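Each residue of the sequence shown is one higher than the one before, counting from 1 in the working numbering.
Idealized CB from N, CA, C, for every residue including glycine.
If you're wondering where the values come from, they're calculated on a predicted model, not measured in any experiment.
Structure first, commentary second.
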Amino acid sequence: MPETIQAHVAQYKKDLVSNLISLINKYPIIGVVNMENLPAPQLQIMRAQLRGSFFITMTKRRLMKLAIEQTKQKKKGIEKLEAHLGGMPALIFTKENPFKLSKTLQKSKSPAPAKAGQTAPRDIMVNKGATSFAPGPIIGELAMAGIKSGVEGSKVAIKEDVVVVKAGEKIKPKVAEILTRLGIQPMEVGLDLVAVYENGLIYGRDILSVNENEYKNRLVNASRWAFNLAVYAAYPTKATISTLLGKAHNDAKSIGISQRIFDKGIIDILLGKAEQQMLSLAGTANIDIVEAKHEKREEKIEQKQKEEMHAEPKVENQKIEPAEIKVPTREELEANIKMREKQKEVKEVEKIYHEIHKKAIEEHEKKEHQH
1 MPETIQAHVA QYKKDLVSNL ISLINKYPII GVVNMENLPA PQLQIMRAQL RGSFFITMTK
61 RRLMKLAIEQ TKQKKKGIEK LEAHLGGMPA LIFTKENPFK LSKTLQKSKS PAPAKAGQTA
121 PRDIMVNKGA TSFAPGPIIG ELAMAGIKSG VEGSKVAIKE DVVVVKAGEK IKPKVAEILT
181 RLGIQPMEVG LDLVAVYENG LIYGRDILSV NENEYKNRLV NASRWAFNLA VYAAYPTKAT
241 ISTLLGKAHN DAKSIGISQR IFDKGIIDIL LGKAEQQMLS LAGTANIDIV EAKHEKREEK
301 IEQKQKEEMH AEPKVENQKI EPAEIKVPTR EELEANIKMR EKQKEVKEVE KIYHEIHKKA
361 IEEHEKKEHQ H
């Protein structure tokens, strides 16, 4: 600053700028708050609540800009805060996270009635329903504010929901009066955080106002999508390795079953599948199959054959007459042939089953011997 100009600057202003420069250089987080329409008593209460973690200072906008200009060499990007010095600006300094600062200031706000000329922070709605007003001039006053009403019983009732002031619009005197009489407090009294500076970045109000539930849901969805993608791409990580190993095991098992590969892990399934096929074929051919172990089944068949070979027909008490001998028809002969063919198929399935069982036992004994 030229010396001729500095000579006309009051010392207290120089001290204010010097103090602001010191605070800007000291604190990593610098926020801009709008203190417009904030009553002095409410400000004092907030200062007491925030004391210790946050430091608030308010001065003329021009002095704030001077301090910011003189620190931009050390604080890269700090000059971008100048665009957010609107309304009645104040600077807030802290070492806390910007989002924690925003959350703390939001919690410290309290509802307040609307005043004429104020800007609506959001759409101000009046809901339908009964009021405490008795019928009279109030109906016309509600109509002037754009609110439809009527008499229900002995009270005035609002007929439908209506937005009386849209976000960003100025609140008219009559609307402010009606809202106060209805007990609606659409305004918030507190420090309005406009922007925050951190490490060369400026966080605006829309970024700082984070919905925690929505943020958590997005993190959960992102985690789930990343997990599914990693499993689909077979990308091994600490979180996916168990799932990938299980998937690989199931895939290998399916291939082994489809290709009939004899392995300790699937031999029981292959044997069960072969037995089911055998029983299904036997059921189609109406052949009784006694389920038993392979060795016992062969012994029973051999024993039965020996008994049939040495058995003598018991015909001493029977009288056979030639007229009783029935000659099979052609259809019966064909049915007999088909039956024999099915019996042959059953024997083939039994043979396959026995081979699988035998190989399985050999593989098992081989592995046991190796161990």
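Whole-angstrom distance between residue j and residue i, CA atom to CA atom
{"i": "K33", "j": "D192", "result": "In the sequence as displayed, the identity of residue 33 is Val instead of Lys. Spanning the two alpha carbons is a distance of roughly 5 Å."}
{"i": "E291", "j": "I352", "result": "Note that E291 has pLDDT 49, beneath the 50 cutoff, so the model's placement of it is unreliable and the number below is only indicative. Looking at the two C-alpha atoms, the distance is approximately 16 Å."}
{"i": "Q185", "j": "E141", "result": "19 Å"}
{"i": "I5", "j": "Y27", "result": "Because the pLDDT at I5 is just 44, under 50, the model does not fix this residue reliably, and the point stays unresolved."}
{"i": "S258", "j": "A239", "result": "31 Å"}
{"i": "Q16", "j": "A145", "result": "According to the sequence shown, residue 16 is Leu rather than Gln. Roughly 47 Å between the two C-alpha positions."}
{"i": "I241", "j": "R224", "result": "15 Å"}
{"i": "R97", "j": "T104", "result": "With the sequence shown as reference, residue 97 is identified as Asn, and Arg is not the correct amino acid for it. Near 11 Å, if we compare the C-alpha coordinates of T104 and N97."}
{"i": "N213", "j": "K166", "result": "26 Å"}
{"i": "H354", "j": "A230", "result": "44 Å"}
{"i": "L101", "j": "V194", "result": "12 Å"}
{"i": "I261", "j": "K347", "result": "23 Å"}
{"i": "M125", "j": "P236", "result": "54 Å"}
{"i": "N19", "j": "N25", "result": "10 Å"}
{"i": "K216", "j": "Y232", "result": "24 Å"}
{"i": "A143", "j": "S154", "result": "19 Å"}
{"i": "E368", "j": "T284", "result": "39 Å"}
{"i": "R409", "j": "I269", "result": "Outside the modelled stretch of the chain, which goes from 1 to 371, sits residue 409, for which no answer is possible."}
{"i": "E82", "j": "E160", "result": "44 Å"}
{"i": "V315", "j": "A274", "result": "With a pLDDT of only 46 at V315, under the threshold of 50, the placement of this residue in the model should not be trusted; the figure read from the coordinates follows. Taking the straight line from one Cα to the other gives about 43 Å."}
Expected contact under 8 Å - CB spacing of residue i and residue j to nearest Å
{"i": "E198", "j": "I29", "result": "5 Å"}
{"i": "G31", "j": "V210", "result": "About 15 Å separates the two Cβ atoms, so there is no contact after all."}
{"i": "E36", "j": "M88", "result": "5 Å"}
{"i": "A234", "j": "L244", "result": "6 Å"}
{"i": "I266", "j": "K253", "result": "6 Å"}
{"i": "T71", "j": "I21", "result": "6 Å"}
{"i": "V189", "j": "L38", "result": "6 Å"}
{"i": "G129", "j": "I158", "result": "6 Å"}
{"i": "L271", "j": "I356", "result": "6 Å"}
Selection from the options that minimises the alpha carbon distance to residue i
{"i": "V164", "options": "V194, T119, K155, T131", "result": "T119"}
{"i": "R62", "options": "T104, N97, K13", "result": "K13"}
{"i": "I202", "options": "G77, L271, I45", "result": "G77"}
{"i": "D123", "options": "L182, I171, H354, L281", "result": "I171"}
{"i": "D263", "options": "N97, K358, T104", "result": "K358"}
{"i": "S53", "options": "T94, K60, K128, H249", "result": "T94"}
{"i": "I138", "options": "V156, E82, Q277, K60", "result": "V156"}
{"i": "R47", "options": "I266, Y215, F227, A90", "result": "A90"}
{"i": "R205", "options": "F99, L279, D161", "result": "F99"}
{"i": "Q343", "options": "M278, E368, Q42", "result": "M278"}
{"i": "V162", "options": "N127, G183, T180, R181", "result": "N127"}
{"i": "L23", "options": "Q42, E331, K74, A40", "result": "K74"}
Endpoints, the alpha helix (DSSP H) within which residue i is located
{"i": "V126", "result": "No alpha helix (DSSP H) holds V126; the beta strand (DSSP E) holding it covers 124 to 126."}
{"i": "I255", "result": "241 to 258"}
{"i": "L81", "result": "Counting along the chain, L81 falls outside any alpha helix (DSSP H), and DSSP gives it neither H nor E."}
{"i": "Y12", "result": "11 to 26"}
{"i": "N211", "result": "Looking at the DSSP string, N211 is not in any alpha helix (DSSP H), and its letter there is neither H nor E."}
{"i": "L43", "result": "40 to 50"}
{"i": "A176", "result": "173 to 181"}
{"i": "A67", "result": "61 to 69"}
{"i": "G140", "result": "138 to 144"}
{"i": "P98", "result": "98 to 107"}
Start-to-end residues for the beta strand (DSSP E) that takes in residue i
{"i": "M187", "result": "187 to 189"}
{"i": "F54", "result": "54 to 57"}
{"i": "Y203", "result": "201 to 204"}
{"i": "K155", "result": "155 to 158"}
{"i": "A112", "result": "110 to 112"}
{"i": "E152", "result": "149 to 152"}
{"i": "P89", "result": "89 to 94"}
{"i": "G77", "result": "That residue, G77, is in no beta strand (DSSP E); it is neither H nor E in DSSP."}
{"i": "Y197", "result": "192 to 198"}
**Item:** Three CB pairs or more closer than 8 Å across the stretch 173 to 191 and the stretch 105 to 115
**Value:** Touching, yes, given that three or more Cβ pairs across the two stretches are closer than 8 Å.
**Request:** Decide if the stretch 133 to 153 is in contact with the stretch 102 to 113; the criterion is three or more beta carbon pairs, one per stretch, under 8 Å apart.
**Result:** Not touching, per the Cβ criterion.
**Item:** Touch test, the stretch 62 to 71 against the stretch 121 to 139, Cβ-Cβ under 8 Å, three pairs minimum
**Value:** Judged by Cβ distances under 8 Å, the stretch 62 to 71 makes no contact with the stretch 121 to 139, as fewer than three pairs qualify.
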